[in-house]
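Chemist: First residue of the sequence shown? That's 180 in my numbering, and the numbers climb one at a time after it. Note that beta-carbon positions come from the ideal geometry of N, C-alpha and C, so glycine has one too. Attaching a single structure in structure tokens format; questions to follow.
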Amino acid sequence: VGMGGIGKTRLVEEFLREYSSKANQPIYFRELNKNPLESEAVVGPALLVLDGFDSSVHAVEWLDQYLEKDSRLKFLLTARQRIGSISETVYRLQGLSCPNIDAGGGAEDYPAVQLFVEIVKQANTHFPITGDVYQSIGNICSYLGGVPLAIEMVAPLTRLLDYATIYDELIDHTDTLYH
180 VGMGGIGKTR LVEEFLREYS SKANQPIYFR ELNKNPLESE AVVGPALLVL DGFDSSVHAV
240 EWLDQYLEKD SRLKFLLTAR QRIGSISETV YRLQGLSCPN IDAGGGAEDY PAVQLFVEIV
300 KQANTHFPIT GDVYQSIGNI CSYLGGVPLA IEMVAPLTRL LDYATIYDEL IDHTDTLYH
């Protein structure tokens, strides 16, 4: 469970890469924002992965009916909030860890900063990243709450703006971003 852009789908994809090599059961994956729920002939033992579960109408009823039909089925769901099923176990995702704003050195060790740097290098291979720049990147990531999608959207701006300007623009235009 987590806000949009926090990395739920990416985490599930990584889990499935690990799990599929060890699983001795079929795995079914459905992106619900692209394919609505329908009655499917899935029988256990199996893992049914439903990405974007909260975007489906009557989803909880559908899930509970499936669980009643076949208790050997296992479900892995991504959603923005709890779905309210009695068999639900919730893992709440947060943003990537990032330094406090103006915290000093060591910003390059934080996952949010590392993601930002990786994207900058993909977008602009000639843009230098030095010690002082890491703190600016840390400030940006911290302001964005470590949310991977937000970082992925802001990092390519380094092709046009320096880090301090990006940070200042974020602060100056927060109302624009959130409304």
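Would you kindly work out how many angstroms separate the C-alpha atoms of I185 and F295, rounded to a whole number?
Modeler: Using only the alpha carbons, I get a separation of about 14 angstroms.
Chemist: So if DSSP puts V228 in a beta bridge, which residue, or which two residues, is it bridged to?
Modeler: DSSP, once it has assigned bridges, lists F208 and L255 as partnering V228.
Chemist: How would you label G325, buried or exposed, when you count the other beta carbons within 10 angstroms and need 16 or more for buried?
Modeler: So G325 counts as buried.
Chemist: For Y270, count neighbouring Cβ atoms within 10 angstroms of its own Cβ and tell me buried if that reaches 16, exposed if not.
Modeler: Counting Cβ neighbours within 10 Å, Y270 comes out exposed, since fewer than 16 surround it.
Chemist: Looking at I350 and V333, is the spacing between their C-beta atoms short of 8 angstroms?
Modeler: No, Cβ-Cβ distance for V333 and I350 is not below 8 angstroms.
Chemist: If you check the beta carbons only, do R209 and D230 fall under 8 angstroms apart?
Modeler: Result yes, Cβ atoms of R209 and D230 sit closer than 8 angstroms.
Chemist: Y245 to D311, Cα distance in whole Å?
Modeler: If you take the alpha carbons of Y245 and D311, they lie about 55 angstroms apart.
Chemist: With H, G and I counted as helix, E and B as strand and the rest as coil, what does DSSP make of L272?
Modeler: In the structure shown, L272 sits in coil (DSSP, three-state: anything other than H, G, I, E or B).
Chemist: Buried or exposed: G285, going by 16 or more other Cβ atoms within 10 Å of its Cβ?
Modeler: Exposed, by the Cβ-count rule.
Chemist: Less than 8 angstroms between the beta carbons of S266 and V239, yes or no?
Modeler: No; because the gap between Cβ atoms is not below 8 angstroms, this pair is not in contact.
Chemist: In angstroms with no decimal places, state the Cα-to-Cα distance between L275 and P290.
Modeler: The straight-line gap from Cα to Cα measures roughly 6 angstroms.
Chemist: Report the three-state DSSP secondary structure of A282 (helix, strand or coil).
Modeler: Looking at A282 - three-state DSSP - the assignment turns out to be coil, as it is neither helix nor strand.
Chemist: Give me, in chain order, the residues of the same chain whose beta-carbon lies closer than 6 angstroms to that of I280; leave out the 5 immediate sequence neighbours on both sides.
Modeler: Answer for I280: N318 and S321, listed in chain order.
Chemist: Mind reading off the beta-carbon distance from S315 to A343? Whole number of angstroms is fine, and I expect it under 8 angstroms.
Modeler: Right, the Cβ-Cβ distance comes to about 6 angstroms (below 8 angstroms), so this counts as a contact.
Chemist: To the nearest angstrom, how far is it from the Cα of D233 to the Cα of V180?
Modeler: In a straight line, the C-alpha of D233 is about 10 angstroms away from that of V180.
Chemist: Drop a sphere of 10 angstroms on the beta-carbon of K187, count the other beta-carbons inside from all chains shown, and report buried for 16 or more, exposed for fewer.
Modeler: So K187 counts as buried.
Chemist: Going by alpha carbons, who is nearest to R251 out of T268, T257, L190 and L227?
Modeler: Closest option to R251, Cα to Cα, is L227.
Chemist: For a test of the three-state rule: what should DSSP assign to R338, helix, strand or coil?
Modeler: Looking at R338 - three-state DSSP - the assignment turns out to be helix.
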